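Down below is the structure, laid out as structure tokens.
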Amino acid sequence: KDTVGQYESHTAFTLPGLYRVVHGIDVFDPKFNIVSPGADMAIYFPSTEKERRLTALHPAIEELLYSPEQNDEH
Numbered sequence: 010k011d012t013v014g015q016y017e018s019h020t021a022f023t024l025p026g027l028y029r030v031v032h033g034i035d036v037f038d039p040k041f042n043i044v045s046p047g048a049d050m051a052i053y054f055p056s057t058e059k060e061r062r063l064t065a066l067h068p069a070i071e072e073l074l075y076s077p078e079q080n081d082e083h
């Protein structure tokens, strides 16, 4: 049975009391797109300013977010 948590959903397995996260947060959900007052505008900028994005990091970020492999690092 799928159980919905605060930010993720879990699936119950055959051993009582054990859960495994099967779906994480939606990083594109607007509730996670809030910048705190006083934040450094050199770091936090509008998504429309695509030229400021660190596109070289995209493959590593996608690997962390979407890879089914789990190891000591992630």
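Residues 10 to 83 (the working numbering) are what the sequence shown spells out, left to right. Note that beta-carbon positions come from the ideal geometry of N, C-alpha and C, so glycine has one too. Keep in mind that this is a model prediction, so the values were computed, not measured.
Item, Value
"Start and end residues, alpha helix (DSSP H) containing E71", "H67 to Y75"
"Under the three-state DSSP convention, the category V13 falls into", "For V13, the predicted structure reports a pLDDT of 49, less than 50, and the residue's modelled location is therefore unreliable. The matter cannot be settled from this model."
"Coil, strand or helix - R62 by DSSP", "coil"
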